[in-house]
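Asks:
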Amino acid sequence: RDFIEQRYVALKAANPELPILIRECSEVQPALWARYEFGKERKVSLNNLSVDEVAKALENLVKNKV
């Protein structure tokens, strides 16, 4: 939640074409999903991560399209 409050506006302004979906739910562990070409997907748990750690996880998913 802190990441969204602190960094979402800047992230979206810098990447207006980047599709981002944010859902708020109770009793669900936070996670970041990335979908790549040919149906490849990756999921990273964001549980107990700081704002900077969430940013690093997002950066890693963008750079490492494995």
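Quick note on numbering: the sequence shown equals residues 1 to 66 in full-length UniProt numbering.
The beta-carbon is built from N, C-alpha and C at its ideal position, and this holds for glycine as well.
1) How many Å lie between A55 and A13 at the Cα?
2) On the DSSP letters alone, give me the boundaries of the beta strand (DSSP E) that R35 sits inside.
3) If you reduce the DSSP assignment to three classes, tell me which class R42 lands in.
4) What is the rounded straight-line gap between the Cα of E17 and the Cα of L11?
5) V51 and R7 - do their beta-carbons sit closer together than 8 Å?
Replies: With the given structure in hand:
1) Cα-Cα distance, rounded: 15 Å.
2) A31 to R35
3) strand
4) Answer to the nearest angstrom: the Cα atoms are 11 Å apart.
5) The Cβ atoms of R7 and V51 sit closer than 8 Å to each other.
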